[in-house]
Amino acid sequence: MFEDEQRSIEAFIQTYCAENDIPAPEDLQWKPIPFSGDWGISTSFFQVAAQEARLGKKVNVSIRAQEIAEGAAAHIGVPEGFSLVEAVRGYLNLYFSSSEFSRRVIDAVMKGGANFGRGEDKGERVMVEYAQPNTHHSFHIGHYRNAILGEALARLVEFDGFDTIRASYPGDIGLGVITVLWAYDKFYKGQEPDDLHERGQWLLKLYVEATNLLTPREDETPAEKAQREAYDAERREMYRKWDAGDPYLRQLWLETREWSLEELRDILRLIDINIDVWFFESEVDEPAKAIVEELIARGVADDERPRGGAVIVKIDQKLGLEKEQYRANVLLRNDGTTLYLTKDLALAKDKFEKYGVDRSVYVVDVRQSLHFQQAFKILELWGFEQARKCHHLGYGFVSLPEGAMSARRGQVALFKDVVDEAIRRVLAEIARKNPDLPQQARQDVAKQVGLGALAYAMLSVDNNRDIVFDIDKALSFEGHTGPYIQNAHVRACSILRKAGGIPGEATFNYKLTPHELGLIEMISRFPSVVQQAAREYRPLVMASYAFELATAFHSYYHVVPVLKAETEAMRAARLRLVAAARQTIANALHLLAIAAPEVM
RNA sequence: GCACCCGUAGCUCAAUGGAUAGAGCGCCUGACUUCGAAUCAGUAGGUUGGGGGUUCGAGUCCCUCCGGGUGCGCCA
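And the structure:
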């Protein structure tokens, strides 16, 4: 936010170094000054001093860094807009003139509004692929982690200036899907629950039942074994007929698939996700077969079918690697059918050529990291420049306190159930804490707060860490939670409502309290947090920031009187600060796909 | 066997190679006739799994060991 000042100070430093025969600092890093209670920016001279030492000068690096910092401080003086410049232990600290910078920060937020913090147009198109649940199943809390992580990421890169496409890739075919169709056709034909969420759960129930019938048991009798094998043969035959395009099965498949998709669309609507492009696994099968010949012709893939094998890619060998790293993988089974990898390659080709994607992010379970490393390398061998800008955003899996989720054992936290419970708990909280809230508003608010708690529980943990989903902790409304941040927004709204309006301008020409400075500093950091989170593909960075911003606001709120400020000028300045805080909190929450309610 | 991830306060988790490792929960203490207490202020709690190394500087990078998890050509 203070790039101009930084640049001019950097120029001063470069001049000073040049004049005193000190190696030019290559990359000056500016950070906030820690634990000072004041507000400013800081850089250090350790690297410069170390460079001198390497060039043969006999110096103690930390002492020399301090000397340079002192010299630079003296050379710079106190620039316009700053109140103090000091050299401490090798660091050069520049303290802002608080009134000038405060006004500038607040004005920037008020002018930018919902666009405050938005990055420059990057001139690049990014596709974020997430929300890839299998159909013929119900959406559980693990799918939710995927969806919310992908959505937050999409919002971040979009806000940072990338042309962004949201893509979903449901697994709508495969042995699991056929298993459900088999059970339906054999035992439940013609049945169909009314409610769309019941249908998803019902299909899951069919899957569990069918899997039990089809899985070998240790104590099974010869008759049971024969029965099971007969069932399995039916299922395999069904898969073959589906593949051959059997009209009855295709119709049944599309119909039941639609039940799942209806539920999926309903859930995505609930959590405010708008997918731009739907890729179905079943639709990339034919294109996938087509690319195999091309890859053989290009010498990327080896055809071992003549020897009874498959079509494979020996990735390490093609890259000329001695050590095994990417290994080899199969593109086409010897029966001529495609695999997951083949389909992902075909899909990537489509993303690059048909959608003009420059960079591609895959939000997929971390267990598939080898698969994506292989896919990206094959794309590179294939000649796609964009392959180097493909990124697999892996995330740890979500389990329950009882252990891994398992549909078969009935151990699943279905997303819809969790949301319903969240809303119930928020309604109870509202009844206790805000009984004046009109009844008709309660349901909306409960949904926003309940979903906010869930989203934050997922996003406030680093993506490469596993999560044990404890519903009581995820639906906590106090402390390091979504509702805590939402509550800061609500409190700001409340002040502004009572104030009756926001002054069009204000100066900060009075002695600012530490709480005001802290809040203004947090607000000023928002644009750089957007950049970092987007650059690193890490929604966690924004999640942590949002909490810290809310903490700064809550502290401020408690200590600094706004409506009853001592003077009219202070009241105006503080009202604008509250408005800027509200805006920044709202922007941060939006990037996390969390609603910013005005009351709760 | 090979590769990747994780190990930080009692618990759950943060910390672009940078100054004194921070939060939340829980424990204990205090603050509502006050802009909304889903809040705030404070106390206590650490050999960052062990050991080497690189660096002016390591929770962070390298090596090694220990412990936990995941993956590894015809599943997705």
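Numbering-wise, the working numbering puts 284 at position 284 of the first sequence, and it's gapless, one number per residue. Here a beta-carbon is modelled for each residue, glycine too, at the ideal position from N, C-alpha and C.
(1) Closest to Arg-574 by CA distance: which of Thr-211, Ile-106, Asp-266 and Gly-396 is it?
(2) In three-state DSSP terms, what is Trp-259?
(3) Should Pro-539 go down as buried or exposed, given a rule of 16 or more other Cβ atoms within 10 Å for buried?
(4) Do Ala-586 and Val-157 come within 7 Å of each other at the CB atom, strictly closer than that value?
(5) Quick one: complete beta strand (DSSP E) runs, 3+ long, within the segment 387-431?
(6) When DSSP labels each residue in this structure, what does Gly-40 get in the three-state scheme?
(7) Would you check if the distance between the CB atom of Val-363 and the CB atom of Tyr-130 is smaller than 7 Å?
(8) Report all residues from its chain with a CB closer than 7 Å to the CB of Met-522; omit the five preceding and five following residues, and keep chain order.
(9) Do Thr-513 and Val-560 count as a contact pair if the criterion is CB distance below 7 Å?
(10) Are the beta-carbon atoms of Cys-390 and Ser-360 separated by less than 7 Å?
(11) For a test of the three-state rule: what should DSSP assign to Lys-58, helix, strand or coil?
(12) Touching or not, the segment 31-51 and the segment 87-99, by the rule of three or more beta carbon pairs under 8 Å?
(13) Starting from Lys-680 and walking both ways along the alpha helix (DSSP H), at which residues does that stretch end?
(14) Return the CA-CA distance between Arg-327 and Ala-154, expressed in angstroms with no decimal places.
(15) Going by beta carbon distance, what residues of the same chain come within less than 7 Å of Ser-99, once the five residues before and after it are set aside?
(16) Give the secondary structure of Glu-322 by DSSP, where H, G and I count as helix, E and B as strand, and everything else as coil.
(17) I'd like to know whether the C-beta atoms of Tyr-184 and Leu-206 end up nearer to each other than 7 Å.
(18) Since Ala-543 contacts Ser-460 with CB under 8 Å, what's their CB separation in whole angstroms?
(19) Roughly how many angstroms separate the alpha carbons of Ile-485 and Glu-258, rounded to a whole number?
(20) Would you identify the three-state DSSP class for Trp-278, choosing helix, strand or coil?
(21) If you follow the alpha helix (DSSP H) that Lys-289 is in, where does it begin and where does it stop?
(22) Under a three-way DSSP split, which group does Val-490 fall into?
(23) Excluding sequence positions up to five away, which residues of its chain have a Cβ less than 6 Å from the Cβ of Val-292?
(24) Going by the beta-carbon positions, is the gap between Met-458 and Arg-145 smaller than 7 Å?
The answer reads as follows:
(1) Here the closest residue by C-alpha is Ile-106.
(2) Reduced to three states, the DSSP call for Trp-259 is helix.
(3) By the neighbour-count rule (16 or more Cβ atoms within 10 Å), Pro-539 is buried.
(4) No, the pair does not count as a contact, with Cβ atoms beyond the cut-off.
(5) If only complete runs of 3 or more residues are kept, the segment 387-431 shows the beta strand (DSSP E) at 390-395, in order along the chain.
(6) DSSP places Gly-40 in strand when its eight states are reduced to three.
(7) Yes.
(8) Excluding positions up to five away in sequence, the list reads Glu-548, Leu-549 and Ala-552.
(9) Contact: yes.
(10) In contact: Cys-390 and Ser-360 (Cβ atoms closer than 7 Å).
(11) Here DSSP, grouped into helix, strand and coil, assigns Lys-58 to coil.
(12) Cβ pair count under 8 Å is three or more, so yes.
(13) The shown model of the chain, from 1 to 600, leaves out residue 680, and the question about it has no answer.
(14) Linking Arg-327 to Ala-154 through their CA atoms gives a straight-line distance of about 32 Å.
(15) Correct list, in chain order: Thr-507, Phe-508 and Asn-509.
(16) When DSSP states are grouped into helix, strand and coil, Glu-322 belongs to the coil group.
(17) Yes, the Cβ-Cβ distance between Tyr-184 and Leu-206 is below 7 Å.
(18) Rounded, the Cβ-Cβ distance is 5 Å, consistent with contact.
(19) Cα to Cα, Ile-485 sits roughly 37 Å from Glu-258.
(20) In this structure, Trp-278 counts as strand in the three-state DSSP scheme.
(21) Following the DSSP letters along the chain, one finds Lys-289 inside the alpha helix (DSSP H) bounded by residues 285-297.
(22) Looking at Val-490 - three-state DSSP - the assignment turns out to be helix.
(23) In its chain, beyond the 5 residues on either side, Val-311, Leu-331 and Leu-332 have a beta carbon closer than 6 Å to the beta carbon of Val-292.
(24) Taking 7 Å as the Cβ cut-off, Met-458 and Arg-145 qualify as a contacting pair.
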